[in-house]
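Novice: Quick note on the working numbering: the sequence shown kicks off at 563 and runs consecutively.
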Amino acid sequence: MLKQQILFVDDEPMVLQGLQRILRPLRGEWDMVFAESGGRALELMAGHPFDVIVSDMRMPGMNGAELLREVMRRHPTTVRMVLSGHADKDLVTQCVGVAHQYISKPCDPEQLKAMVRNACALAGKLVDDEVKRVIGAIDRLPNVPEVYVELKQALSREESDPRVLGEIIQKDPGMTAKILKLVNSAFFGLRRTINHPQEAVAYLGIDIVKTLVLSNSIFQQSQPFQTRTFGISDVWHHSMAVAAGAKAIAQAEGLDRVLQEEAFVGGILHDVGVLILASNFPDLYNRAVELVTEEHVLLPTAEQEMFGVTHAEVGAYLLGLWGLPAGILKIVSLHHRPHAFESEGMCSAMAVHAADVICGAKGGQALFESGRFNQESLERAGLAGHQDAWAAACASASEKELP
Numbered sequence: 563m564l565k566q567q568i569l570f571v572d573d574e575p576m577v578l579q580g581l582q583r584i585l586r587p588l589r590g591e592w593d594m595v596f597a598e599s600g601g602r603a604l605e606l607m608a609g610h611p612f613d614v615i616v617s618d619m620r621m622p623g624m625n626g627a628e629l630l631r632e633v634m635r636r637h638p639t640t641v642r643m644v645l646s647g648h649a650d651k652d653l654v655t656q657c658v659g660v661a662h663q664y665i666s667k668p669c670d671p672e673q674l675k676a677m678v679r680n681a682c683a684l685a686g687k688l689v690d691d692e693v694k695r696v697i698g699a700i701d702r703l704p705n706v707p708e709v710y711v712e713l714k715q716a717l718s719r720e721e722s723d724p725r726v727l728g729e730i731i732q733k734d735p736g737m738t739a740k741i742l743k744l745v746n747s748a749f750f751g752l753r754r755t756i757n758h759p760q761e762a763v764a765y766l767g768i769d770i771v772k773t774l775v776l777s778n779s780i781f782q783q784s785q786p787f788q789t790r791t792f793g794i795s796d797v798w799h800h801s802m803a804v805a806a807g808a809k810a811i812a813q814a815e816g817l818d819r820v821l822q823e824e825a826f827v828g829g830i831l832h833d834v835g836v837l838i839l840a841s842n843f844p845d846l847y848n849r850a851v852e853l854v855t856e857e858h859v860l861l862p863t864a865e866q867e868m869f870g871v872t873h874a875e876v877g878a879y880l881l882g883l884w885g886l887p888a889g890i891l892k893i894v895s896l897h898h899r900p901h902a903f904e905s906e907g908m909c910s911a912m913a914v915h916a917a918d919v920i921c922g923a924k925g926g927q928a929l930f931e932s933g934r935f936n937q938e939s940l941e942r943a944g945l946a947g948h949q950d951a952w953a954a955a956c957a958s959a960s961e962k963e964l965p
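1. Could you give the first and the last residue of the continuous beta strand (DSSP E) run that contains R642?
2. Start and end of the alpha helix (DSSP H) containing V919?
3. Just to confirm my understanding: we take P622, look at its own chain, exclude 5 residues before and 5 after, and list those with CB closer than 7 Å. What are they?
4. What is the rounded straight-line gap between the Cα of A764 and the Cα of R631?
5. Could you work out which residue in E598, V641, L688, A878 is closest to V871 when comparing CA atoms only?
6. I think H873 touches V836, with their Cβ atoms under 8 Å apart; what is that distance to the nearest whole Å?
7. With Q760 and Q732 assumed to form a contact (beta carbons below 8 Å), what rounded beta-carbon distance in angstroms separates them?
8. Can you check DSSP and say which residues form a bridge with Y664?
9. Going by CA-CA distance only, name the one from D845, T640, H898, I890 that's closest to F930.
10. Across which residues does DSSP place I615 in a beta bridge pair?
11. Determine, using beta carbons only, whether P704 and I794 come nearer to each other than 9 Å.
12. State the beta-bridge partners of F596 as determined by DSSP.
13. Since A699 contacts C657 with CB under 8 Å, what's their CB separation in whole angstroms?
14. Spatial neighbours of K772 within its chain, please: CB distance less than 7 Å, with the 5 preceding and 5 following residues excluded, ordered by chain position.
15. Would a C-beta distance cut-off of 9 Å place L883 and F869 closer than the cut-off?
16. Ordered along the chain, which non-local residues of its own chain (more than five positions away) have a Cβ less than 7 Å from that of P671?
17. Would H610 be called buried (16 or more neighbouring beta carbons within 10 Å of its own) or exposed?
18. Where do the ends of the alpha helix (DSSP H) carrying G877 lie?
19. Does DSSP put P965 in a helix, in a strand, or in coil?
20. Please state if the CB of G885 and the CB of I838 are separated by a distance shorter than 9 Å.
21. Between which two residues does the alpha helix (DSSP H) carrying D845 extend?
22. Exposed or buried, what is M576 when buried is set at 16 or more other beta-carbons lying within 10 Å of its beta-carbon?
23. Which class does I697 belong to by DSSP, given the choice of helix, strand or coil?
24. Given a cut-off of 9 Å, decide if L606 and V595 are closer than it, judged by their beta-carbon atoms.
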């Protein structure tokens with residue numbers, strides 16, 4: 563088996579020596595190279611492909627943010643990580659767009675090993691190099707123009723309400739993904755996972771959110787993509803319907819509040835892969851949509867034919883690069899594959915799958931149809947006969963929660 567290629571960059575020789583010491587047991591698994599400057603790192607990368615780069619931020623000459631931005635441009639398939647002992651607001655805004663993940667100094671050796679291993683494991687989940695290259699260079703997702711304007715207006719008020727800001731952000735899949743990426747990073751040293759935008763805003767504080775918006779570091783008004791048959795607003799409405807429905811189903815089935823919120827956020831994010839593919843490969847995605855509308859195949863089947871991957875795999879790959887919680891990744895990657903989690907019975911992933919099937923059937927757009935429920939999977943999960951109650955829960959939720 564080929565070893566993973568890992569590059570560590572820090573201007574302090576003692577730090578590099580410490581990394582070499584704690585990572586020595588992994589020499590059978592990784593080929594590790596150590597560079598004392600950004601310039602040297604780029605020289606090494608020019609002649610040698612690396613799976614992961616882990617860089618300090620504060621270095622003389624080329625700092626970590628400048629290095630990772632250049633790596634993003636030249637070598638987008640390399641996973642980019644920041645290793646830093648500083649978490650001030652300026653640093654956050656510098657690297658939030660160029661780093662996939664963050665590791666705090668002094669680093670926990672086990673955390674470092676786990677993060678790099680997880681990053682390497684992601685690389686094997688996509689086989690198309692062009693898709694992987696495009697995803698590796700993504701620093702933000704397209705956002706819904708109306709939501710961005712609403713967020714800026716809310717931030718312009720003298721006293722912004724964190725709860726209101728969280729409610730606005732959760733309407734947009736791209737904004738939701740980015741703020742969860744940031745708040746769950748090692749920058750903030752949380753001892754638990756945050757799954758909800760409202761909680762993320764409350765923890766980060768209004769000043770950091772405002773800085774990120776005004777600096778365009780994380781939330782930026784973008785040109786809304788439009789294929790021949792659907793646009794970003796259609797993805798938005800479907801995602802919000804699924805989110806509200808999934809939470810209602812989870813509640814009706816007696817899942818606890820944490821899993822209800824996980825189902826809600828998973829519903830918001832379940833189709834981020836559609837945003838990625840449609841905005842970066844518009845012509846090819848139009849052909850996939852034509853297969854859906856003209857040959858009446860389901861969207862994942864059409865995507866598989868055009869790209870060799872589906873939006874579920876693409877979305878989970880990006881969110882995995884960004885270090886989002888495992889429960890969210892499971893929902894995004896498996897929302898069309900209930901057999902993968904049927905042994906768990908009702909869970910947040912099943913709630914999102916169910917809401918996706920129900921909302922797709924009633925939404926009036928073939929693009930979002932997920933087919934019928936797999937009765938064998940429902941029986942094995944102990945959930946046969948629950949569909950009518952789920953449909954009623956989705957209908958009730960859409961009346962209460964959708965904008």
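From the three backbone atoms N, C-alpha and C, an ideal C-beta is built for every residue, glycine too.
Specialist: On the basis of the coordinates in this document:
1. One-based indexing of the sequence shown puts residue 642 at position 80. Residue range 641-646 is occupied by the beta strand (DSSP E) that includes R642.
2. Residue mapping note: residue 919 aligns to position 357 of the sequence shown, counting from 1. Its alpha helix (DSSP H) spans residues 910-924.
3. Position 60 of the sequence shown, counted from the first residue, corresponds to residue 622. Here the set comprises D573.
4. Translated into positions along the sequence shown, residue 764 becomes position 202. Translated into positions along the sequence shown, residue 631 becomes position 69. A764 and R631: Cα-Cα distance of roughly 29 Å.
5. Working through the sequence shown from its first residue, we reach residue 871 at position 309. Among E598, V641, L688, A878, the Cα nearest to that of V871 belongs to L688.
6. By 1-based counting over the sequence shown, the position of residue 873 is 311. By 1-based counting over the sequence shown, the position of residue 836 is 274. Right, their Cβ atoms sit about 5 Å apart.
7. One-based indexing of the sequence shown puts residue 760 at position 198. One-based indexing of the sequence shown puts residue 732 at position 170. About 7 Å; that satisfies the 8 Å criterion.
8. Working through the sequence shown from its first residue, we reach residue 664 at position 102. DSSP output for Y664 lists V644 as bridge partner(s).
9. Numbered from 1 along the sequence shown, position 368 holds the residue referred to as residue 930. The shortest Cα separation from F930 among D845, T640, H898, I890 belongs to H898.
10. Residue numbering aside, residue 615 sits at position 53 when the sequence shown is read from its first letter. In the DSSP output, where bridge partners are listed per residue, I615 has L569, R642.
11. Your numbering for residue 704 matches position 142 in the sequence shown. Your numbering for residue 794 matches position 232 in the sequence shown. Yes, Cβ-Cβ distance for P704 and I794 is below 9 Å.
12. Position 34 of the sequence shown, counted from the first residue, corresponds to residue 596. Partner(s): F570.
13. On the sequence shown, position 137 is the one that residue 699 refers to. On the sequence shown, position 95 is the one that residue 657 refers to. Incorrect: roughly 15 Å between the Cβ atoms, too far for contact.
14. Locating residue 772 in the sequence shown gives position 210, counting from the first residue. Closer than 7 Å at the Cβ level, and outside the excluded window around K772, lie L717.
15. In the sequence shown, counting from the first residue as 1, residue 883 sits at position 321. In the sequence shown, counting from the first residue as 1, residue 869 sits at position 307. No, these two residues do not count as a Cβ contact at 9 Å.
16. Stepping through the sequence shown from its first residue, residue 671 is reached at position 109. Cβ contact annotation for P671 (same chain, cutoff 7 Å, sequence separation greater than five): I584, in chain order.
17. If you number the sequence shown from 1, residue 610 lands on position 48. It counts as exposed.
18. Looking up residue 877 in the sequence shown gives position 315. Counting along the chain, the alpha helix (DSSP H) containing G877 begins and ends at 873-883.
19. For the purposes of this step, residue 965 is taken as the residue at position 403 of the sequence shown. The predicted model places P965 with a pLDDT of 49, which falls under 50 and marks its position as unreliable, so this point remains unresolved.
20. Taking the first residue of the sequence shown as position 1, residue 838 is located at position 276. Taking the first residue of the sequence shown as position 1, residue 885 is located at position 323. No, these two residues do not count as a Cβ contact at 9 Å.
21. Mapped onto the sequence shown, residue 845 falls at position 283. Per DSSP, D845 belongs to the alpha helix (DSSP H) from 844-857.
22. On the sequence shown, residue 576 is found 14 positions in, with the first residue counted as 1. Counting Cβ neighbours within 10 Å, M576 comes out exposed, since fewer than 16 surround it.
23. Looking up residue 697 in the sequence shown gives position 135. Three-state result, I697: helix.
24. Taking the sequence shown and counting its residues from 1, the one referred to as residue 595 is at position 33. Taking the sequence shown and counting its residues from 1, the one referred to as residue 606 is at position 44. The answer is yes: Cβ separation under 9 Å.
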